[in-house]
C-alpha cells in the first residue's frame, strides 16, 4: 500500500472537506431552524458557481473574490424561495415537504442549462496551476485557498448567529417558534432571512469551487446528496456536526476508493474500486449511520 | 360503482381499436402513457397506500431490465419468463431496503434518503459493469419474434403496454379491497393506532415494498425490449425516479385511477413539450415546467386531480354509491 499516496489523497480530501462543511452548514442551518430539508441545495450551489463564472466573464474578477457576488445573489434567491414556497409547506407532513423542493431542484437545474448551456466549462483562476509543497506533500493553491476561505466564512456565519441580534432571533425562532413570535419577533421575516443565509452559504461554496472543478448544469444533484449525508452524519441541525461531517466525508471519499482497492487486492480479489465510484463510500456511510446512530455523531436527541 | 365500471369498459374498448386509426408517432406517445401509468401504479402501492415515500424506484426498473437481459444472454431464457425472475430479484432487494428502513425506524426524510442511497449505489455499480457496456451503455440488436419480446412497429408494444396497465389496475383494485390493503391504509393514516389495534406494521410495510418493487421491475423488461438500449445514467437515475412519482402525485396518490389519470395528463404534455422545446433550442424547458407543476400540485391540489374529476363526474355517476 502506498502510504504517501494515501496521505496525499487524505490532505486533498480534507481541503475539499472544508468546502463540503460550508455547503452542509447551509443545509443544517435551514433544517435546524425550519425543520425543512432543502432538496434543491446542490442545484442552488450550481447557480452560485455560474454566478461567479458570469461575473468572471463580465468583469474579469477572480472567482476567489467574486464568491461575494454569488453569496449575495443566492441570498436573494433563497429569501424569495422561502417567502413564496417554503413558508407555505412548513406545516405539511414531512414527506410532502420533499416534493416541492425536488420540483424546485428540477427548475434550478434545467433553467441553468437553458441560460448557460449544457457543456462543461472550467474557467481559469489566476492561481490555477500553482502549488505549495510541504515535504513530500503537494497541495494545489486553489484548493488550499478554497479551504481557507470556506473555513473563515463558516466561522463568520457561526459568529453571526452567536453575536448579532438577527442571529439571536434566528436561534430563538429555531428553539421555539411560538415563543419567538410572542415576544415580538417577525418569525416569517426571520425564517426568510435564515433560508437566505443558508443558500448564501451554499452559493459561496459554489463560487469557491469554480477554480477547482469544471461546472455543468447537472453536477448539482450529487452535492445535494453529499450535503444530506454530511448533515445526517454530523447530526441534523447541529452546526458543528456539519463541519466535522464535512471533513469526514471529504477524506472518506478521497481515500476510500484507493483503500478499498488495496483491501480487494490484499484478500486476493482481482477487483478495482475506481475513483468514479467514490460516492458509494459516502452512501454506505449514510446507510450505516442511519442504522446505528440516527441522531448523528454530534446530535443530542435521538431521531 | 357499476356506472364507473361501465365507463372504464367503454374507455378500454376505445383504447383497443385506437391502433387502427392512429399514426405510429401517436401510438408511441400512448405507449409512454401506459409505461408511466404502470410505473406510477407500482410506486403508488408503496407510497400511496402505505405512506412510505420512495425516491429510488428507478433501481427496481434497472434490476428488472438488466436481469431479464442477463438471463436471455446467458441462459437464452425468453424475457417473458426472465421478467418474473427479475421481479423476484427486485422484490428481494426491496425487502433488504425495507428491512433496514422499517426495522430501524427510519421515517419520512430518512427513508427517502435510504431509498436514494440504494438507488445511487445500484446505479454506480451497474455503470461500472463491463458486461452491461459500462459507460457506453448497452445496445441490443433486436431479433423480432414474440418469444423474444421484440417486435417491429409500435402496435404490439401498444397492446402489451395496455396489458400492463390493465394488470396493474386489477392487482391494485384487488389489493385495495383485500385485508392486506386495508391494513396498509390503516397504518398510513395512523401508524401507532394501527399498531395498537394489533396490525403488524413491519410485516405489512414489507409486503407493500415487495409487491411494489416486484411490479416496478416488470416494466424493466418492457423498457429494454422497446428501446433496445440500456444505460444506468438515464434509467436508474434519480431523475427517472422523479418521473415515476410525478404522475401518481398529480393524478392522486392512494387511488386506483390516480396514476392512470396523471399519466394521461402529463405524459403527452411531456412528450410534446420535450420535442417542441428541443426543436426551439430550449432543451430542458419541459423539465422546468415539470418542476413548477410538482410545486403547484403539492401546494394547491395535494390530493391530486382525481378529486376534481370525481366531482365533475358526480352527475354522471349519481346513484352509484
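Chains as they are written, first to last, in our numbering: chain A, -9 to 293; chain B, 23 to 343.
Each residue gets a CB set at the ideal place from its N, CA and C atoms; glycine is no exception.
So what's residue 285 of chain A in DSSP terms, helix, strand or just coil? coil
Say the cut is 8 Å; is the CB of residue 285 of chain A nearer than that to a heavy atom of the ligand PLP? No copy of the ligand PLP occurs in the structure displayed, which carries no ligand at all.
Ordered list of alpha helix (DSSP H) runs contained in the region 191 to 228 of chain A, each at least 4 residues: 210 to 224
Are any of the Cβ atoms in chain B nearer than 9 Å to that of residue 2 of chain A? no
At a CB-CB cut-off below 7 Å, which residues of chain B make contact with residue 204 of chain A? The premise fails here: residue 204 of chain A is roughly 17 Å from chain B at the closest Cβ pair, so nothing lies under 7 Å.
Got a sec: is the Cβ-Cβ distance from residue 129 of chain B to anything in chain A below 9 Å? yes
Kindly indicate which three-state DSSP category residue 212 of chain B falls into: helix, strand or coil? coil
Does the region 187 to 195 of chain B touch the region 62 to 72 of chain B, meaning 3 or more C-beta pairs lie closer than 8 Å? yes
Whole alpha helix (DSSP H) runs in the region 196 to 284 of chain B with 4 or more residues, listed along the chain? 201 to 211, 213 to 218, 223 to 249, 254 to 257, 260 to 273
Name the residue from B:330, B:320, B:327, B:325 whose alpha carbon lies nearest to the alpha carbon of residue 90 of chain A. B:320
Proximal residues to residue 293 of chain A (C-beta, below 8 Å), its chain only, five neighbours per side dropped: Caution applies to residue 293 of chain A, whose pLDDT of 38 falls short of 50 and renders its modelled position unreliable; the value that the coordinates give is listed next. The residues are 284, 285.
Identify the contact partners of residue 281 of chain A in chain B, using a Cβ-Cβ distance below 8 Å as the criterion. 122, 126
When you compare only the Cα positions, how much space is there between residue 213 of chain B and residue 21 of chain A? 25 Å
Any beta-carbon of chain A closer than 9 Å to the one on residue 116 of chain B? no
When you compare only the Cα positions, how much space is there between residue 113 of chain A and residue 40 of chain A? 10 Å
Buried or exposed by the 16-neighbour rule on C-beta atoms within 10 Å, applied to residue 47 of chain A: exposed
Can you list the beta strand (DSSP E) stretches of 3 or more residues lying completely in the region 130 to 157 of chain A, in chain order? none
Partners in chain B for residue 50 of chain A, counting only beta-carbon separations shorter than 7 Å: Within 7 Å Cβ-Cβ: nothing; residue 50 of chain A doesn't reach chain B, min ~29 Å.
Starting from residue 123 of chain A, trace the beta strand (DSSP E) both ways and give me its first and last residue. 121 to 124
Under the rule that 16 or more other beta-carbon atoms within 10 Å means buried, what is residue 227 of chain B, buried or exposed? buried
The region 114 to 148 of chain A: positions lying closer than 9 Å to chain B by Cβ: none
Could you round the C-beta distance between residue 93 of chain B and residue 107 of chain B to whole angstroms and report it? I think they count as a contact, below 8 Å. 6 Å
Use the C-beta contact count for residue 302 of chain B: other C-beta atoms within 10 angstroms, 16 or more gives buried, fewer gives exposed. exposed
Do you know offhand how far residue 342 of chain B's Cα is from residue 331 of chain B's? Its pLDDT being 49, under 50, residue 342 of chain B is placed unreliably by the model, and the measurement read from it follows with that caveat. Distance between the alpha carbons of residue 342 of chain B and residue 331 of chain B: 15 Å.
9 Å is my cut-off, CB to CB: does residue 143 of chain B come that close to chain A? yes
Flag residue 264 of chain B as yes if its beta-carbon sits less than 9 Å from any beta-carbon of chain A, otherwise no. yes
Tell whether a beta-carbon distance below 9 Å holds between residue 209 of chain A and residue 239 of chain A. no
Tell me whether the beta-carbon of residue 70 of chain B lies closer than 9 Å to the beta-carbon of residue 276 of chain B. yes
Can you give me the start and stop residues for the alpha helix (DSSP H) that residue 331 of chain B sits inside? 328 to 335
In this structure, does DSSP put residue 153 of chain B in helix, strand or coil? helix
For a contact meaning CB atoms closer than 8 Å, what does residue 150 of chain B contact in chain A? 264, 266, 267
When the Cα of residue 5 of chain A is compared with those of A:213, A:205, A:198, A:83, which residue comes out closest? A:198
Members of the region 78 to 93 of chain B that neighbour chain A once the beta carbon cut-off is set at 9 Å: none
Roughly how many whole angstroms lie between the Cα atoms of residue 35 of chain A and residue 179 of chain B? 42 Å
Name the chain A residues that come within less than 7 Å of residue 314 of chain B, Cβ to Cβ? 93, 97
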